[in-house]
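Heads up: the sequence shown begins at 1 in UniProt numbering, then just goes up one per residue. Take a look at the structure below.
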Amino acid sequence: MTTINQHVTNTPTSSRPAATDPIWGRYSAAWTAQVADLAGRADLTVVVQPGAGRGAPACFIPATNTIEVNSDLLDVDPHTVDPTTATARNAYPVAWGALVHEAGHAAHSRWCRVSTGAGVPWPVIEAATLLEEPRIEGRQLKRRPGDRRWLRAMAGKLLLADIPTVDNPWTAGTLAALLLARADARILDRREVRPARTAVRKLIGTDRLRELGKIWRKALRTKDGDADRMLDLGRQWCDVLGVDTGLIGPIILVPDGPPGGDGVARKAAAATAAAVTATDLADAHTTTDADIHVAAAAAARSTARTLEAQAQAQAQDAARKVFGRRAAAGPTRQPQQAEQAAARQLSRALKAAARRDPVVVSTTSATPPGRLIARAAVTAAAQRAAGVRPEAQPWRSSRSRRVLDPPLAVGITVDVSLSMRAWLGPCESAAWITAQAASWAGAHTATVTFGRDVTPIAYPGQPPGHVRQLGLESHTRGFCTTVDALDGALHLSDPRGGARLLVVVSDGELLVGEMVRGQEQLDRLRKAGCAVLWLGPADSQPLHDVTARLGLAPAQAGRAIAEAATAALRRQ
């Protein structure tokens, strides 16, 4: 009887021992901060402590986005290592390799999150899960080549425990999936797995080994989330090994192995592990801290690109959902004369701030027209007298070149919860004024509210003819969605987008989860050069590192937005 692999577990309710030493809290916090680079995800939590792993050295729990690592893997006094440093992983390569492996599951084992139990025989699920191990490591290696060192360290120490002690076709298949497939995934070297290849051939023969090789290579090429293909490969795997797939429950019946099997698979796995360890020890003598820092920096840049691509995709998706539909019709009114005058005044101010003086460009040439440069003329004459082709260009001309005015994008998100009652009227006026002025000045703007729902008030490139009146809502949620939607619609995070401004009108009483993610969103926008203006009552609690204008009279909101927009243009 064989139980399913526990690297990915869908039973988050199973208990783990409580950590008693506060050092494990420090390790957990440090690895949680570092795992985003490994997995390309910012929503993972890592738990490092004795007894973690739910029976395995480490595991990933998709239901809670949690990775657990048993602290026994550290093999070092945790008090002697600072886990927050980039070089700390050198002190515990096996534990770090386990973290990298589980991060690979978090990044690529999407099909495991689909319900695969209904009508699927247990051996098929087990076989597909075995094939998933080298598949996700191969994917991880393509995304982060520097992780090979850590995956090898883990393989050299932990894979032996996954090889059954009884020699039979299923054991041969396990050896093939966990070792031979890893060689094709470029985690292990082919010479290192020769003992394993010999053992598999002895247990099931050359023909069946060749068929298994075709299957695991297809698995390595399978895309993330393709559950049907992985399960189909699992069925083929069982067919090649002669495993009965008609039984119900976590039981695998396999044909008997060859007589006198005396643990040949385990011996082969041990020989492979020893070869991997020996190779890594030899390589360690030639690896310097500088190499590690260079690899870490390259990996960090790669992860940053991945996270940025994910953030852009999320912003585009939010923009389609928010602005791709017409909002429910709400009460409107005619703009007042003062509002129309303010819109014209802001339009003139934006045009003036965007206007750039022409640039004078000077060029030189060998012939007129232009102004003669005496020194260059003498040089050219000397070159001709010497019988060489003159390279000097004695004529200089100047011309004026017009510089394009930088574009402007202004996104406004307004909190319409009950505590913002006094700001609704001024904000609806400011939204209309900004939209009208931007359209006249050739800029782009959009306004969204959040409270109980996320509601578009002013659409990009569509200045409203009437002033949309805002209503109070009995909740404060959706802030992060509005920021994503405005970013996706106005390209606020694109450094090539000219002057960009995000205006937040709120008292800062946001949901806890939105405060954390919202801070990450604003940090990302600011890093890309987008200005962030926060308006609100005097007792507001804005997020960090924004330009806060608190305690203003609500009627001054429009002027504050206008000043921030013109300032953003002047900085371009």
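Glycine included, each C-beta is placed from N, C-alpha and C at the ideal position.
Between residue 44 and residue 65, the gap from beta carbon to beta carbon is short of 9 Å. Sequence-distant partners of residue 270 (beyond 5 residues in either direction) whose C-beta falls short of 8 Å from its own C-beta, in its chain, are 160. Taking residue 475 as the centre and dropping the five residues before and after it, the same chain places the C-beta of 451 and 452 closer than 6 Å to its C-beta, in chain order. The C-beta distance from residue 88 to residue 70 rounds to 18 Å, too long to meet the 8 Å contact threshold.
At least 9 Å separates the beta-carbon of residue 125 from that of residue 78. Closest in C-alpha terms to residue 92, from the list 539, 157 and 440, comes 157. With a 10 Å radius around the Cβ and a threshold of 16 neighbouring Cβ atoms, residue 38 comes out buried. For residue 28, the enclosing alpha helix (DSSP H) has its first and last residue at 23-39.
For residue 90, the three-state secondary structure derived from DSSP is helix. DSSP places residue 136 inside the alpha helix (DSSP H), whose first and last residues are 122-143. One Cα belongs to residue 496, the other to residue 237, and the distance between them is close to 51 Å. The way I'd put it, the segment 521-532 does touch the segment 479-494; three or more beta-carbon pairs between them come closer than 8 Å. Between residue 390 and residue 374, the beta carbon gap of about 15 Å keeps them out of contact (Cβ cut-off 8 Å). For residue 46, the CB contacts under 6 Å within the same chain, skipping 5 residues up- and downstream, are 28, 31, 32, 35 and 67 in chain order. The beta carbon of residue 570 is closer than 6 Å to those of 353 in its chain, skipping five residues each way along the sequence. The C-beta separation of residue 547 from residue 568 comes to about 10 Å, leaving the pair out of contact by the 8 Å criterion.
DSSP, read as helix, strand or coil, puts residue 59 in strand. Shown here, residue 433 sits in a helix according to DSSP, grouped into three states. Taken through DSSP and simplified to helix, strand or coil, residue 109 comes out as coil. Residue state for residue 456 is assigned as strand, using DSSP reduced to three classes.
Between the C-alpha atoms of residue 511 and residue 332 there is a straight-line separation of about 30 Å. Contact between the segment 174-187 and the segment 213-225 is present: 3 or more CB-CB pairs across the two stretches fall below 8 Å. It is roughly 28 Å from the alpha-carbon of residue 136 to the alpha-carbon of residue 316.
Boundaries of the beta strand (DSSP E) around residue 49: 45-49. Taking 9 Å as the cut-off, the beta carbon of residue 72 is found no closer than this to the beta carbon of residue 152.
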